[in-house]
Amino acid sequence: MVEHRLVSRLACHHCGHVEPVPRACPECSNEDTLVAVGPGVERIADEVRALFPAAKTAIVTSDTIWSPAKAAEFVHRMEAGDIDIVVGTQLVTKGYHFPNLTLVGVIDADLGLAGGDLRASERTFQQIMQVSGRAGRGEKPGHVYIQTHSPDAQVMRALVTGDAEAFYEAETESRREAGAPPFGRFAGIVVSSEDQAAAQEIATLIGRTAPRLEAMEVYGPAPAPLAMLRGRHRFRLLIHARRALDVQDVIRDWLGKLDWPSKVRVVVDVDPYSFL
């Protein structure tokens with residue numbers, strides 16, 4: 023659950039569940055004992071205010087810029103010089119032009135690399151390049167600082183040099199060697215149920231009956247990285263196939279021979295973006 027301090031609520035960004043921030047610990051019932059962890063926007067804003075008490079700080083998130091009117095108000099304040107420091111989410115990376123903005127800091131820049139997305143490096147590169155472009159758009163020079171736990175990662179080195187062509191060449195070669203799209207095919211099968219044993223049983227059945235093809239490998243089943251979602255236990259199988267193989271037909275024929283109870287849900291995702 024992610025704390026949205028400005029609106030005093032907790033939200034799950036995977037299933038959409040929202041609830042008020044509890045006053046007391048649900049286990050021990052003691053009040054004021056729960057502490058948010060991680061570099062959330064509100065927490066960073068608190069640090070900024072402590073370090074720069076005289077600066078005028080604005081927070082830009084979906085909780086504060088929730089309408090075109092709010093966005094226009096933010097732009098007007100920036101243009102009028104009423105804001106010295108902006109603390110925001112990815113929302114601030116898109117479409118804004120502030121000539122007086124000269125410094126950009128990216129916190130936990132490599133967080134997106136661990137998101138279970140095949141395009142993680144590509145998206146991280148694009149987003150950081152985009153937000154970096156907010157600095158120095160006028161006559162004043164701009165500077166960008168990137169905080170990362172992986173300074174030697176290809177994407178981070180490319181960001182420092184600004185060499186987009188070298189990054190995409192390296193990313194392409196990496197995918198070619200791994201047989202990843204567009205040089206190969208992936209498909210995911212997610213088996214879920216409120217009954218964990220039932221989900222695991224059907225996932226095991228699917229894995230055991232997988233067709234043995236030279237052009238295709240099947241991995242799993244194993245508990246999905248998001249092992250529980252919306253009250254359902256989840257198991258995942260990953261299919262890696264050569265580009266020429268008609269994965270859809272193979273899976274259709276494979277699963278079409280099997281039966282499972284209505285309480286078990288089987289979802290197939292061909293060429294998935296997420297592996298969670």
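Sequence positions in the sequence shown follow this note's numbering and run 23 to 298.
C-beta: ideal position from N, C-alpha, C; glycine also.
- Residue state for Val269 is assigned as helix, using DSSP reduced to three classes.
- Each residue's CA atom was taken as its position, placing Ser89 and Ala72 some 29 Å apart.
- Contiguous alpha helix (DSSP H) elements confined to the segment 217-260 occur at 218-230, taking only those with 4 or more residues.
- CA-CA distance, Val108 to Val24, rounds to 21 Å.
- Taken in chain order, the complete alpha helix (DSSP H) segments of 4 residues or longer contained in the segment 30-87 are 63-73.
- Under the DSSP assignment, Ser214 falls outside any alpha helix (DSSP H), being part of the beta strand (DSSP E) whose first and last residues are Gly206 to Ser215.
- Each residue's CA atom was taken as its position, placing Pro203 and Ala263 some 10 Å apart.
- Relative to the Cα of Thr111, the nearest Cα in the group Arg141, Arg256 and Ile150 belongs to Ile150.
- 8 Å or more divides the Cβ of Cys37 from the Cβ of Arg256.
- Taken in chain order, the complete beta strand (DSSP E) segments of 3 or more residues contained in the segment 89-127 are 107-110.
- Bounds of any beta strand (DSSP E) do not take in Glu161, whose DSSP letter is neither H nor E.
- In this structure, DSSP gives Ala131 a state outside helix and strand, which the three-state scheme calls coil.
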